[in-house]
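Contents: one structure, followed by commentary.
Chains as they are written, first to last, in our numbering: chain E, 1 to 236; chain P, 1001 to 1222.
In structure tokens, the structure reads:
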């Protein structure tokens, strides 16, 4: 718990994130560039041809999009249970990024679906639950923006995020019960050939670092915003 | 009379006397159901195929119409403060509100649905499944909706945000409800979908009073 409270202090966070930011930014750029180079030099897949390269920008986006929702839920729990002030800011800062990666996953997925399935959009389980994830993000962001009182908004959004997190598995399961076309997972089960696996892993690292970088920038901006607002109120 | 039943009967009387809450929802339900054949064509075979889904979605939207007022009226005129001061815990208050909302919208919508199913040429056996699925599923709509209503109760334009928050959470109800009607139409047993819908509804009704009470509480502390 001590470590939790240490970073509840915005000044401590500013110091640490300021030191980390150049490195994560550089690492994100390097990993994404390396992943792209590796991704474009893979041999064509026997079935998918060169469209397999879309996977390298699609799968990491989808994983970051899902992970971000889990992250927001955990931060919301922190904020509700321990009244951790920074986790509110962190959850709010993560939401638009999560929505962006969800949209990126949907767009790249539908661009891949056109040559492979013959259509941009199918009402398949995974696609549909991703679309619903996007709506969950949008609702969460809308509630943040609608409530003016910041503390009240933070608590309300934390409740909403936790309910969404409880409900998300049910939504995913129900949509799966409804329809399934998307291929199953092939990374952990070891069905993906190493020649495709390595660029994918590098790209995942790149996307993860990119998220981390943008997330820290957004948290820092929000902290600075609050500081300047407090200063203005103090000066008035 | 216990505080719970007093609150329940008060909310039911308010719903009945202020603008006939149930009648508005029923009118909306019937109107949406009337517009769909005008939009997609009057082919009776097609209509009976889509009836389960259309009526489920229409009932869901009709129930949403009155949800934003679930706590808002009481919040604005201050009676929510008085209710919160009463010995009745806010969780029970939320449950009473959910029950009142279901009795004044969900139940009438369910009762009206066989009539609209008739207009959609739904076979009698599938109509029974639709009726049962709405009977089981509409409490979940009121329960999950109450969470959205409590989160947005202090917002002047909460009615716009409420559907954005609530509808994604309610997709399982539509899938299982309309899915069980579709299963019946395809000659399969609808019991699987109905059982899952019942499980969803029970979970929603058990958990949402706590979430709604938490959200009401944070809006009252000031």
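Glycine included, every Cβ here is placed at the ideal spot set by N, Cα and C.
Under 8 Å by beta carbon: chain P residues contacting residue i
i, result
"residue 135 (chain E)", "1164, 1167, 1168"
"residue 178 (chain E)", "1175, 1179"
"residue 132 (chain E)", "1168, 1171"
"residue 138 (chain E)", "1164"
Extent of the continuous alpha helix (DSSP H) run through residue i
i, result
"residue 1176 (chain P)", "1171-1185"
"residue 229 (chain E)", "194-235"
"residue 146 (chain E)", "125-146"
"residue 1127 (chain P)", "1124-1151"
"residue 177 (chain E)", "150-178"
"residue 1214 (chain P)", "1191-1220"
"residue 112 (chain E)", "85-117"
"residue 1050 (chain P)", "1044-1065"
"residue 81 (chain E)", "54-82"
"residue 1157 (chain P)", "Taken as a continuous stretch (DSSP letters only), residue 1157 (chain P) belongs to no alpha helix (DSSP H), as it is neither H nor E."
"residue 13 (chain E)", "10-40"
"residue 1072 (chain P)", "1069-1076"
"residue 1111 (chain P)", "1107-1119"
"residue 1093 (chain P)", "1090-1101"
"residue 45 (chain E)", "Looking at the DSSP string, residue 45 (chain E) is not in any alpha helix (DSSP H), and its letter there is neither H nor E."
"residue 51 (chain E)", "Where residue 51 (chain E) is concerned, there is no enclosing alpha helix (DSSP H), given that its DSSP letter is neither H nor E."
"residue 1009 (chain P)", "1003-1017"
"residue 122 (chain E)", "From DSSP, residue 122 (chain E) is part of no alpha helix (DSSP H); its letter is neither H nor E."
"residue 1079 (chain P)", "1079-1085"
Residue from the options whose Cα sits closest to the Cα of residue i
i, options, result
"residue 1102 (chain P)", "P:1156, P:1129, P:1144, P:1076", "P:1144"
"residue 48 (chain E)", "E:132, E:115, E:151", "E:115"
"residue 192 (chain E)", "E:45, E:209, E:66, E:68", "E:45"
"residue 1123 (chain P)", "P:1049, P:1012, P:1067, P:1017", "P:1049"
"residue 99 (chain E)", "E:57, E:121, E:62", "E:62"
"residue 1190 (chain P)", "P:1180, P:1196, P:1199, P:1198", "P:1180"
"residue 1110 (chain P)", "P:1128, P:1213, P:1006", "P:1128"
"residue 37 (chain E)", "E:210, E:176, E:171, E:196", "E:196"
"residue 1205 (chain P)", "P:1017, P:1079, P:1012, P:1140", "P:1140"
"residue 1016 (chain P)", "P:1108, P:1051, P:1003, P:1171", "P:1108"
"residue 124 (chain E)", "E:177, E:205, E:84, E:142", "E:177"
"residue 283 (chain E)", "E:84, E:158, E:81, E:95", "No information on residue 283 (chain E) is available, as it lies outside the stretch 1 to 236 that chain E covers here."
"residue 1157 (chain P)", "P:1045, P:1187, P:1024, P:1072", "P:1072"
"residue 68 (chain E)", "E:140, E:229, E:13", "E:140"
"residue 1121 (chain P)", "P:1135, P:1105, P:1054", "P:1054"
"residue 24 (chain E)", "E:157, E:231, E:121, E:207", "E:207"
"residue 1033 (chain P)", "P:1052, P:1166, P:1045", "P:1052"
"residue 92 (chain E)", "E:160, E:82, E:52, E:170", "E:160"
Residue environment, residue i, which counts as buried when at least 16 other CB atoms sit within 10 Å
i, result
"residue 148 (chain E)", "exposed"
"residue 155 (chain E)", "buried"
"residue 151 (chain E)", "exposed"
"residue 1074 (chain P)", "buried"
"residue 181 (chain E)", "For residue 181 (chain E), the predicted model reports a pLDDT of 45, less than 50, meaning its position is unreliable; a value from the coordinates is still stated below. Residue 181 (chain E) should be labelled exposed."
"residue 43 (chain E)", "exposed"
"residue 40 (chain E)", "exposed"
"residue 1221 (chain P)", "exposed"
"residue 55 (chain E)", "buried"
"residue 22 (chain E)", "exposed"
"residue 1025 (chain P)", "buried"
"residue 102 (chain E)", "buried"
"residue 213 (chain E)", "buried"
"residue 199 (chain E)", "buried"
Neighbouring residues, chain P, relative to residue i (Cβ below 7 Å)
i, result
"residue 167 (chain E)", "1169"
"residue 160 (chain E)", "1151, 1165"
"residue 170 (chain E)", "1172, 1200"
Neighbouring residues, chain E, relative to residue i (Cβ below 7 Å)
i, result
"residue 1161 (chain P)", "142, 143, 146"
"residue 1218 (chain P)", "152, 155, 156"
"residue 1100 (chain P)", "Those do not exist, as residue 1100 (chain P) stays about 21 Å from chain E at its closest Cβ, beyond 7 Å."
"residue 1147 (chain P)", "163"
"residue 1211 (chain P)", "159, 163"
Cross-chain neighbours of residue i in chain E, by beta carbon under 8 Å
i, result
"residue 1190 (chain P)", "Under the 8 Å cutoff, chain E gives no residues; its nearest Cβ is about 13 Å from residue 1190 (chain P)."
"residue 1030 (chain P)", "Going along chain E, no residue has its Cβ under 8 Å from residue 1030 (chain P), so there is no contact; the nearest lies around 27 Å."
"residue 1155 (chain P)", "146, 147"
Within chain P, the residues that residue i reaches when beta carbons sit closer than 9 Å
i, result
"residue 175 (chain E)", "1171, 1172, 1175"
6 Å CB neighbourhood of residue i in its chain, flanking five on each side removed
i, result
"residue 1219 (chain P)", "1153, 1154"
"residue 164 (chain E)", "136"
"residue 224 (chain E)", "none"
"residue 1209 (chain P)", "1091, 1094, 1095"
"residue 1151 (chain P)", "1215"
Cutoff 7 Å; reference residue i; Cβ partners in own chain excluding five residues on either side
i, result
"residue 1192 (chain P)", "none"
"residue 1042 (chain P)", "none"
"residue 90 (chain E)", "75, 219"
Chain E residues whose Cβ lies nearer than 9 Å to that of residue i
i, result
"residue 1039 (chain P)", "Here the premise fails: no neighbours, minimum Cβ distance about 19 Å."
"residue 1143 (chain P)", "Ordered by position in chain E, no residue passes the 9 Å Cβ test against residue 1143 (chain P), which lies about 11 Å from the chain."
"residue 1183 (chain P)", "Correct list: empty, because the minimum Cβ distance to chain E is about 11 Å."
"residue 1053 (chain P)", "Those within 9 Å of residue 1053 (chain P) in chain E number zero; the least Cβ separation is about 11 Å."
Close beta carbons around residue i, own chain, < 8 Å, minus the five adjacent residues each side
i, result
"residue 1039 (chain P)", "none"
Any non-hydrogen atom of the ligand ADP within 7 Å of residue i CB
i, result
"residue 1067 (chain P)", "Looking at this structure, you won't find the ligand ADP or any other ligand, since it has none at all."
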